[in-house]
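**Q** Before we start, here is the structure in question, set down as structure tokens.
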Amino acid sequence: MNLGKQVIYQAYPRSFKDTSGNGIGDLKGICQKVDYLKELGVDMVWLNPFFISPQNDNGYDIADYYHVDPSFGTDEDLDNLIAEFDKANIKLMFDMVLNHTSTEHVWFKKALAGDEKYQSFYYIRDGKDGSYPTNWQSKFGGPAWNEFGDSGKYYLCLYDKTQADLNWHNPDLREELYKIVNYWIDKGIGGFRFDVLNVIGKSQILEDSSGDISEEKKLYTDTPIVHRWIRELNKHTFGKNAEIITVGEMSSTDIENSIMYSAAEGDELSMIFSFHHLKVDYKDGDKWTDMDFDFMKLKEILNKWQKGLQDGGGWNALFWNNHDQPRANNRFGDVKNYPKETATMLAQTIHMMRGTPYIYQGEEIGMTDPDFSSIDDYKDIESINAYKDLLEKGKSSDEALNIIKKKSRDNSRTPMQWDGSENAGFTTGTPWIGVNDNYEEINAEKALEDKDSIFYYYKKLIELRKEESIISDGLYFLILEDDPHIFAYIREYEGEVLINMNNFSGEEVTVDLEKILENYDKFEYLLGNYGERKVDKKIRLRPYESLAFIKRS
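Position 204 of the sequence shown, counted from 1, bears residue number 204 in UniProt numbering, the numbering being contiguous throughout.
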């Protein structure tokens with residue numbers, strides 16, 4: 001399979017389309033939109049978890065890996081969904097959470113009841129010196145340990161306290177996890193996204209950290225044994241079918257490890273998600289701060305990962321948005337004055353890079369962050385915890401809310417805006433989270449009616465990736481490295497050359513093509529978000545303009 005020609009769409013089931021009127025998106029709703037996704041032209045749709053769950057972390061706290069949570073529908077609905085996507089020749093990618101289970105999972109319940117077999121499925125430890133087994137911090141705030149019933153012991157929970165970390169050192173546990181993945185392969189699932197996969201490699205003996213959070217992460221992130229376990233997972237499950245696409249969510253990873261995770265000649269995964277480029281608006285590395293993004297840092301990171309994985313034979317998942325991130329057009333552009341230009345520029349920036357692009361629901365129509373007015377509007381546990389923490393650190397309620405508004409995961413979780421009717425056509429009931437106020441202006445129905453819309457720009461980018469081997473298979477080289485406004489690069493393949501220039505500012509910027517391209521006059525227009533441009537010696541890029549030229553061999 002040529003990964004470079006694949007484009008994957010992420011549907012967040014809870015917010016995609018509700019058919020029952022309970023305010024929660026469901027599998028039938030996704031099924032209703034197969035034609036929409038086919039029109040866009042994507043090859044695969046990644047679904048966030050819809051398995052049985054108490055929903056303390058929006059489904060990433062799984063209580064049963066084999067059955068559909070009633071809030072999303074039935075097992076029969078899932079069978080119908082798989083069949084409908086198969087008819088449309090669109091593959092499905094399931095989200096596998098194998099680092100932890102919900103404390104409502106039968107394994108954890110049996111462990112609590114005293115079954116030693118299942119106790120060894122988790123990290124259950126005695127306290128130390130009247131406190132927790134280690135000083136580790138949860139990624140959602142607070143200690144990474146919680147009381148294990150009335151046993152006097154504690155269980156490790158790196159995320160929410162209802163998400164108990166699994167002990168991969170136990171071969172019986174690994175066997176159970178392989179059974180889960182194989183069950184869905186047998187059902188015809190064509191891909192898997194593995195949640196926080198690079199943190200499964202905790203040591204059997206857990207030690208205190210120095211207290212520095214970056215040093216603490218090294219105790220359980222990208223440890224050598226992770227690669228061994230992923231290779232074993234590959235061997236016993238998806239590795240038997242070369243057509244299955246896999247992607248690992250790799251928290252705080254590095255290029256060296258990512259090459260090993262995703263090397264074409266390797267036996268681990270197809271590709272990886274890395275998130276460093278989405279931390280360029282974190283002040284001093286702290287997410288919960290209000291800071292404009294650092295463009296030069298963004299360019300440096302994107303280039304570093306493009307070049308690093310290319311040189312090492314690894315493969316990138318290309319993305320701006322997902323269910324855990326604020327919307328990129330709000331972060332890196334100007335949605336007030338240049339909404340279409342921002343959205344299409346960001347899209348063209350990554351869709352012409354080396355890797356496999358991912359589209360998160362709504363970005364293809366230019367959806368934006370909501371303008372919630374109260375912390376009560378937020379549902380995300382991480383955001384609510386962060387708000388409390390900000391208040392404790394001395395921020396006013398207005399200051400704290402402003403930071404949450406910019407950084408909350410709920411920014412991307414508002415309901416998909418299908419049309420201009422009540423609740424944006426998402427539900428006939430009360431949505432589980434508020435609908436963005438701009439749904440009458442920004443919605444899929446309106447986008448589909450306008451052949452010059454953001455939607456059709458995405459469609460064109462997808463078509464070009466399939467038509468132009470230079471996009472899917474070409475080498476990548478950065479140019480204009482020191483330009484404070486433009487991220488530009490060249491792709492080369494079998495004598496062809498493509499240049500893609502992207503203006504990340506609201507200013508007009510001039511590029512002297514003669515200085516950066518040999519035979520610049522041999523190039524022809526390929527795509528741009530301001531329409532066709534003539535190739536001149538000097539090109540003036542307008543605000544948030546994206547422009548690609550190509551020289552044929």
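By construction, the Cβ of each residue, glycine as well, lies at the ideal position given by its N, Cα and C atoms.
Since the model is a prediction, treat every value here as computed from it, not as a measurement.
Between the segment 271–291 and the segment 118–137, do three or more beta carbon pairs fall short of 8 Å?
**A** At 8 Å Cβ cutoff, the stretches do not touch.
**Q** Could you tell me the boundaries of the beta strand (DSSP E) in which L478 lies?
**A** First-last of the beta strand (DSSP E) with L478: L475 to I479.
**Q** Rounded to whole angstroms, what is the Cα-Cα separation between S453 and N529?
**A** Those two C-alpha atoms are separated by around 10 Å.
**Q** Can you tell me which of the three DSSP states N316 falls into?
**A** N316 falls in the strand class under three-state DSSP.
**Q** Spatial neighbours of S20 within its chain, please: CB distance less than 7 Å, with the 5 preceding and 5 following residues excluded, ordered by chain position.
**A** So the qualifying residues of the chain are D26.
**Q** Would you please verify whether the beta carbon of D57 is less than 9 Å from any beta carbon of chain B?
**A** Considering every chain present, this structure includes no chain B. It has just one protein chain.
**Q** Counting only runs that start and end within the segment 47–131, where is the alpha helix (DSSP H) found for 4 or more residues in a row?
**A** If we require 4 residues or more, the alpha helix (DSSP H) runs fully inside the segment 47–131 come out as 75–87, 106–112 and 116–119.
**Q** Is the distance from the Cβ of E364 to the Cβ of Y458 below 9 Å?
**A** A contact, by the Cβ cut-off of 9 Å.
**Q** For D356, count the other beta carbons within 10 Å of its own beta carbon; 16 or more makes it buried, fewer makes it exposed. Which is it?
**A** At residue 356 the sequence reads Thr, which differs from the Asp that was named. Buried is the call here.
**Q** Can you give the beta carbon distance from Y12 to N48, rounded, assuming they're within the 8 Å contact cut?
**A** So it is a contact: roughly 5 Å between Cβ atoms.
**Q** For K87 and T414, what's the separation of their Cα atoms in angstroms?
**A** For K87 and T414, the distance between alpha carbons rounds to 29 Å.
**Q** Our contact map puts I470 next to Y493 with C-beta atoms below 8 Å; I'd like the distance itself, whole angstroms only.
**A** That pair is a contact at about 4 Å.
**Q** Are G190 and K91 closer than 9 Å when you measure CB to CB?
**A** Closer than 9 Å, so yes.
**Q** How long is the line joining the alpha carbons of L464 and L346, rounded to whole angstroms?
**A** Computed Cα separation, rounded: 16 Å.
**Q** Going by C-alpha distance, which of D126, N170, G239 and R231 is nearest N182?
**A** Out of D126, N170, G239 and R231, G239 has the C-alpha closest to the C-alpha of N182.
**Q** Go ahead and pull the three-state DSSP assignment for F275.
**A** If DSSP states are grouped into helix, strand and coil, F275 belongs with coil.
**Q** Taking the beta carbon of E249 as the centre, do at least 16 other beta carbons fall within 10 Å, making it buried, or is it exposed?
**A** So E249 ends up on the buried side.
**Q** So if DSSP puts V247 in a beta bridge, which residue, or which two residues, is it bridged to?
**A** DSSP, once it has assigned bridges, lists R193 and M271 as partnering V247.
**Q** To which residues of the same chain is N438 closer than 7 Å at the C-beta, ignoring the five residues directly before and after it?
**A** Taken in chain order, the residues that qualify are T368.
**Q** When DSSP builds the beta bridges, which residues end up paired with L233?
**A** According to DSSP, which records beta bridges pairwise, L233 is partnered with nothing at all.
**Q** Judging by CA-CA distance, which residue of Y358, I550, R491 and G425 is the nearest neighbour of V7?
**A** Closest by alpha carbon: Y358.
**Q** Tell me whether V511 sits in a helix, a strand or coil according to DSSP, three-state version.
**A** Looking at V511 - three-state DSSP - the assignment turns out to be strand.
**Q** Alpha helix (DSSP H) containing K551: first to last residue?
**A** Premise fails: K551 lies in the beta strand (DSSP E), S546 to K551, not in any alpha helix (DSSP H).
**Q** Go ahead and label G73 buried or exposed: buried means 16 or more other beta carbons lie within 10 angstroms of its beta carbon, across all protein chains shown.
**A** It counts as buried.
**Q** Which two residues bound the contiguous beta strand (DSSP E) that contains I365?
**A** Premise fails: I365 is in no beta strand (DSSP E) and is neither H nor E.
**Q** Among all the DSSP beta bridges, which residues are the ones paired with Q10?
**A** W46 and Y360.
**Q** Kindly indicate which residue of H100, D77 and D294 has the alpha-carbon position closest to the one of C157.
**A** Nearest of H100, D77 and D294 to C157, Cα basis: H100.
**Q** Looking only at DSSP bridge pairs, what is F487 linked to?
**A** N502, per the DSSP bridge assignment.
**Q** So if DSSP puts R540 in a beta bridge, which residue, or which two residues, is it bridged to?
**A** Looking at the DSSP assignment, R540 forms a beta bridge with T510.
**Q** Consult DSSP for G308 and reduce its assignment to one of helix, strand or coil.
**A** Helix, per DSSP.
**Q** Between D473 and N2, is the Cβ-Cβ spacing less than 9 Å?
**A** Yes, Cβ-Cβ distance for D473 and N2 is below 9 Å.
**Q** Short check: CB of S71 to CB of I24, under 9 Å?
**A** In contact: S71 and I24 (Cβ atoms closer than 9 Å).
**Q** Can you name, in chain order, every residue of its own chain whose Cβ lies under 8 Å from the Cβ of K395, other than the five neighbours on each side?
**A** Taken in chain order, the residues that qualify are I403.
**Q** Please list the terminal residues of the continuous beta strand (DSSP E) segment that includes D165.
**A** Unbroken beta strand (DSSP E) run through D165: Q163 to D165.
**Q** Please classify I244: is it buried, with 16 or more other beta-carbons within 10 angstroms of its beta-carbon, or exposed?
**A** When all chains shown are included, I244 counts as buried.
**Q** Please classify Q306: is it buried, with 16 or more other beta-carbons within 10 angstroms of its beta-carbon, or exposed?
**A** Per the 10 Å Cβ criterion, buried.
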